[in-house]
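Novice: Starting off with a structure, shown below.
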Amino acid sequence: MAENDKEQPEKIRGKRPGDVIVRRRRTERQRLRAVPSIPAFFRFIGDLAMHTPIVPIVIAFIILWFVFASVLFAVENGAAGEHSIDSWGDALFWCISSAQTMGASDPLLYTTAGKVIGATWAVLSTIMFFGAIIAGMTAYFVMPRKRPSKQIVATVQYNLERLDDLSITEIETLKQSINTVLINHIEKLKAQEAFSQKAWSELGKIKEKPKD
């Protein structure tokens, strides 16, 4: 059944008598996956790492997390209090709960130095987590995807603005890039014009046919 659907094109009828279908774009059917595609997930992670600074920010966040947890453990260990930080794991838990802005009722900070360090980490981690990591992921999904042609145009425009700083070799490369962009655009316009002329010609032939 699937093979017959591929072999037989879909029939399209005009809305009015005399309408001609000069172009038809067939959308591919997409099937829902019961199991997520692992390669697609890794491609997404790679694309996210390429277009956003999320990887160095996450690495810096983890390093600072361990550093602040170690300092808090050194300062708060042995402090007088029922819910004091008695282990490095408690310090890690307090730091991650503070970064998530949910706070921790157990353990607590009792020393003045520990409270200052904890407050500094709370502000810094919140800025890094919500202001950088989540903002970077949000920007990835909402940013417009530039086509390769637009990226080339943006690069050419950037180099034209700093033309006096370019060497002869760089100017020659820039010249070739501009010629390539212009030639491709001219060919694209010619193809569109030829397609339009062919479509109008076919439409005129159909209108000239005598009706039975």
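Counting in the working numbering, the sequence shown tops out at residue 458, every number present.
Positions of the beta carbon are idealized from the N, C-alpha and C atoms, including for glycine.
Might you give, ordered along the chain, the residues of its own chain that have their beta carbon closer than 8 Å to the beta carbon of Thr303, omitting 5 neighbours on each side?
Specialist: If you number the sequence shown from 1, residue 303 lands on position 57. Residue 303 is actually Ile in this sequence, not Thr. Only residues of its own chain outside the window of five on either side were considered, and among them Met374, Ala378, Ile379 and Gly382 have a CB closer than 8 Å to the CB of Ile303, listed in chain order.
Novice: Going by C-alpha distance, which of Leu420, Asp293 and Phe319 is nearest Gly364?
Specialist: By one-based count along the sequence shown, residue 364 stands at place 118. Answer by Cα proximity: Phe319.
Novice: Can you grab the Cα-Cα spacing for the pair Asp293 / Gln443, in whole Å?
Specialist: Against the sequence shown, residue 293 aligns to sequence position 47. Against the sequence shown, residue 443 aligns to sequence position 197. About 41 Å.
Novice: Taking the alpha helix (DSSP H) that Ile363 falls in, what are its first and last residues?
Specialist: To locate residue 363, count along the sequence shown from 1; it is residue 117. Where Ile363 is concerned, the enclosing alpha helix (DSSP H) stretches over Thr358 to Thr372.
Novice: Using the rule of at least 16 other Cβ atoms within 10 Å of the residue's Cβ for burial, across every protein chain shown, is Lys252 buried or exposed?
Specialist: Walking along the sequence shown from the start, residue 252 turns up at place 6. Residue placement at Lys252 cannot be trusted, given a pLDDT of 49 that sits under 50; what the coordinates show is reported in the next sentence. Classification of Lys252: exposed, given that the 10 Å Cβ count is below 16.
Novice: Between Ser371 and Val301, what straight-line distance do the alpha-carbon atoms span, to the nearest angstrom?
Specialist: For the purposes of this step, residue 371 is taken as the residue at position 125 of the sequence shown. For the purposes of this step, residue 301 is taken as the residue at position 55 of the sequence shown. C-alpha separation (whole angstroms): 15 Å.
Novice: Below 7 Å CB to CB, which residues in the same chain sit around Ala368 once its five sequence neighbours on both sides are set aside?
Specialist: Residue numbering aside, residue 368 sits at position 122 when the sequence shown is read from its first letter. Ser344.
Novice: On the CB-based measure, 16 or more other CB atoms within 10 Å of its CB, does Glu322 come out buried or exposed?
Specialist: On the sequence shown, residue 322 is found 76 positions in, with the first residue counted as 1. The residue in question, Glu322, is buried, as its Cβ has 16 or more Cβ neighbours within 10 Å.
Novice: Could you check the C-alpha separation between Pro285 and Ile305 for me, to the nearest Å?
Specialist: On the sequence shown, position 39 is the one that residue 285 refers to. On the sequence shown, position 59 is the one that residue 305 refers to. Cα-Cα distance, rounded: 23 Å.
Novice: Quick one: Cα of Thr415 to Cα of Val388, how far?
Specialist: Indexing the sequence shown from 1 puts residue 415 at position 169. Indexing the sequence shown from 1 puts residue 388 at position 142. One C-alpha to the other measures close to 37 Å.
Novice: Considering only their Cβ atoms, is the gap separating Ile398 from Ile427 smaller than 7 Å?
Specialist: The sequence position of residue 427 within the sequence shown is 181, counting from 1. The sequence position of residue 398 within the sequence shown is 152, counting from 1. Position check: residue 427 holds Val in this sequence, whereas Ile was assumed. Result yes, Cβ atoms of Val427 and Ile398 sit closer than 7 Å.
Novice: Can you tell me whether His329 is helix, strand or coil according to DSSP?
Specialist: Residue 329 sits at position 83 when you count from the first residue of the sequence shown. Coil at His329, not helix or strand.
Novice: Drop a sphere of 10 angstroms on the beta-carbon of Pro353, count the other beta-carbons inside from all chains shown, and report buried for 16 or more, exposed for fewer.
Specialist: Residue numbering aside, residue 353 sits at position 107 when the sequence shown is read from its first letter. Buried, because 16 or more other Cβ atoms sit within 10 Å of the Cβ of Pro353.
Novice: Residue range of the alpha helix (DSSP H) that Asp293 falls in?
Specialist: Residue mapping note: residue 293 aligns to position 47 of the sequence shown, counting from 1. Note, Asp293: alpha helix (DSSP H), Ile284 to His297.
Novice: Mind checking Leu355: buried by the 16 CB within 10 Å criterion, or exposed?
Specialist: By 1-based counting over the sequence shown, the position of residue 355 is 109. Buried is the call here.
Novice: If you follow the alpha helix (DSSP H) that Gly335 is in, where does it begin and where does it stop?
Specialist: The count along the sequence shown starts at 1 and reaches residue 335 at position 89. Here the alpha helix (DSSP H) through Gly335 covers Trp334 to Ala345.
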